[in-house]
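Engineer:
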Amino acid sequence: MDDKLKASGSVYFLSNNAMDGYIKVGRADEGTVRSVVQRMSQLNTSVLPLPFDCEHASAVADARAVEKALHEAFGDYRVRPEREFFTGLAPFRVTAILRLFEIGNVTPGSGQTDTDEVGPIKEPRRPPFRFEPVGIPNGAILQWADDTTIECQVDGNTTYVLYEGQRWAISTLARKLKGWKRTPSRPLYWLYEGETLRERQERLEREEAG
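What follows is the structure, given as structure tokens:
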């Protein structure tokens with residue numbers, strides 16, 4: 011953490027496999043991992059079947075201002091003006107903005123607040139993701155959205171890739187790179203030709219619908 015700046019709090023954004031495609035942007039009162047975990051625990055009510063996962067959290071000099079800036083910057087994706095939920099917004103884009111203000115990274119290491127092992131969650135409202143229907147050929151190179159120096163190669167026309175000499179289901183590889191116990195929504199975290207797999211899927215669906 012930069013000694014020249016003092017954090018007034020932290021700004022985080024969360025996802026939840028029970029709310030596919032939605033993220034929540036908010037803030038905690040302290041610039042610490044503990045404060046983020048405490049805030050997540052408050053949000054994990056019995057109404058939700060699964061806990062939130064922390065995509066990224068940053069200790070910042072002015073948490074209120076940074077939170078407000080994110081809400082304004084991504085206002086077109088906001089579900090409702092009075093709510094902190096956004097939809098259709100790729101997580102890596104929020105991370106990129108947060109890092110500009112970041113004094114220290116306070117993302118909880120496990121990416122989640124519980125310790126229960128939970129299996130892969132089926133993605134609702136659309137068919138399971140596959141490479142072939144969205145025009146991604148065998149052998150294509152995908153980039154990890156959080157760090158584009160990390161790449162994998164499409165192996166076949168379903169959901170398998172090659173990474174460091176091993177064959178992975180793309181969802182399992184996303185879980186490994188995130189350090190999560192649950193499987194994240196795989197189309198959100200990989201880039202092909204400059205757009206996430208989810209963005210590509212939704213664009214092609216719109217084009218097909220006319």
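Residue numbers for the sequence shown, in the numbering used here: 11 to 220. No residue lacks a Cβ here, since even glycine has one placed at the ideal position from N, Cα and C. Treat the numbers as computed from the prediction; the structure is a model and nothing was measured.
(1) Under the rule that 16 or more other beta-carbon atoms within 10 Å means buried, what is Ala67, buried or exposed?
(2) Give every residue of the same chain whose Cβ lies closer than 6 Å to the Cβ of Tyr173, excluding the five residues on either side of it in the sequence, and list them in chain order.
(3) What's the gap between the Cα of Arg103 and the Cα of Thr206?
(4) How is Phe84 classed by DSSP in three states: helix, strand or coil?
(5) What does Thr97 pair with, by DSSP beta-bridge criteria?
(6) So who's on the other strand from Tyr173, going by DSSP bridges?
(7) Using the Cα positions of Phe139 and Tyr170, report the straight-line distance between them to the nearest angstrom.
(8) What I want to know is whether the C-beta of Pro91 ends up closer than 8 Å to one or more non-hydrogen atoms of the ligand SAH.
(9) Counting C-beta neighbours from all protein chains within 10 Å, is the total for Ala106 16 or more, i.e. buried, or is it exposed?
(10) With a threshold of 8 Å, are at least 3 pairs of Cβ atoms found where one atom belongs to the region 79-90 and the other to the region 39-54?
(11) Just how far apart, CA to CA, sit Val164 and Arg109?
Structural biologist: Quick answer:
(1) Here residue 67 is taken as the residue at index 57 of the sequence shown, counted from 1. Classification for Ala67: buried.
(2) Residue numbering aside, residue 173 sits at position 163 when the sequence shown is read from its first letter. Non-local beta-carbon contacts of Tyr173 in its own chain, meaning distances under 6 Å to residues more than five positions away in sequence, involve Cys162 and Leu183 in chain order.
(3) Start at 1 with the first residue of the sequence shown, and residue 103 comes out as number 93. Start at 1 with the first residue of the sequence shown, and residue 206 comes out as number 196. Distance between the alpha carbons of Arg103 and Thr206: 10 Å.
(4) In the sequence shown, the residue the question calls residue 84 occupies position 74. DSSP, read as helix, strand or coil, puts Phe84 in coil.
(5) Numbered from 1 along the sequence shown, position 87 holds the residue referred to as residue 97. Partner(s): Tyr32.
(6) Taking the sequence shown and counting its residues from 1, the one referred to as residue 173 is at position 163. For Tyr173, which the question treats as bridged, DSSP gives the partners Gln176.
(7) For this step, residue 139 is matched to residue 129 along the sequence shown. For this step, residue 170 is matched to residue 160 along the sequence shown. Looking at the two C-alpha atoms, the distance is approximately 11 Å.
(8) Absence of the ligand SAH from the depicted structure is noted, as is the absence of any ligand whatsoever, leaving it without description.
(9) As a first step, residue 106 must be located in the sequence shown, where it is residue number 96. When all chains shown are included, Ala106 counts as exposed.
(10) Result no; under three Cβ-Cβ pairs closer than 8 Å.
(11) On the sequence shown, residue 164 is found 154 positions in, with the first residue counted as 1. On the sequence shown, residue 109 is found 99 positions in, with the first residue counted as 1. If you take the alpha carbons of Val164 and Arg109, they lie about 29 Å apart.
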